[in-house]
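Structure first, commentary second.
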Amino acid sequence: EFLISDATHFDLNIFNIQNEQLKPNLNLNPFFQRDLVWSLAQKQDLMKSLFYHLPIGAIYINRHNYLNDTIVNGIKQFKNKKDLNYFSEIDNVVVDGKQRLSTVLSFLNDEFPIIINNNEIYRHDMSKFDIANLLNNNINVIQTYIENRNDLIKFYVQINTSQTTHNESEIDFAKSFLE
C-alpha cells in the first residue's frame, strides 16, 4: 500500500501551460513513464475535445514537499547531495497526462493539424478568436507530494491500471444509436 499524504487540486488554462507557468523544468519523461504512443488521430481527437471545451481528465504532477527546504534566490537548497539526487528523479514529474500535455504543446507548436470539415487546420491557420478560445481552456491539475520513489511508482501503476478501457465493439455499440 502507498499513502498520498497531501494533494493540491487546481485548474490551469492552456495559455499558462503554453507559457510554461505550469512549472519551469517540468519533467514530462520521468524514468517510469512510457514513450509517446498516441496516434495522430488520438491527438486530433484530444484537440477537438478542447475546442468543444470538454474535460480531458486531470494531469497528475508529483512534487517534493518543499516545506522543509530552504529557498535561496528561488532555488531550493537541499541539505546534502544525496537528497538532491534522490528527489530530482521524483520531483516535478508528470505522473499521469504525458500524452495529453505533449499533444497540447505539439499542436501549439504547429506540429500537427486537426481536421475540421475535411480541412487540415494547423494552429497558424486559426483565427485569433479561435486561438483565444483554445488557450482559455482549463485543465485540472492534481499535484501530489509523494516523497518516496517506490510509492510514486505504485501510485503510477494504480492510476494506470484501475480503469477498464472500452473496446472497439463497445464504442461501435454506443455509436449505433447516433441518428
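Start counting the sequence shown at 56; every next residue gets the next number (the working numbering). Every residue gets a Cβ at the ideal spot worked out from N, C-alpha and C, and that includes glycine. Computed from a predicted model, the values in this text were never measured in an experiment.
State yes or no: is the C-beta of K103 within less than 9 Å of the C-beta of T158? no
According to DSSP, is F65 helix, strand or coil? Looking at F65 - three-state DSSP - the assignment turns out to be strand.
Who are E175's beta bridge partners in DSSP? I170
May I ask which residues mark the beginning and end of the alpha helix (DSSP H) holding N188? Under the DSSP assignment, N188 falls in the alpha helix (DSSP H) whose first and last residues are 183-190.
Are at least three pairs of beta-carbons, each pair with one atom in the segment 188-199 and one in the segment 61-76, less than 8 Å apart? yes
Which of helix, strand or coil DSSP assigns to I208: It is helical.
Below 8 Å on the Cβ atoms is my guess for L156 versus V148; work out the distance and round it to an integer in Å. Rounded, the Cβ-Cβ distance is 12 Å, inconsistent with contact.
Could you tell me whether the Cβ atoms of F87 and L189 are closer together than 9 Å? In this structure, L189 does not lie closer than 9 Å to F87 by Cβ.
Name the two residues that bound the continuous alpha helix (DSSP H) containing T220. Where T220 is concerned, there is no enclosing alpha helix (DSSP H), given that its DSSP letter is neither H nor E.
Looking at I214 and I145, is the spacing between their C-beta atoms short of 9 Å? no
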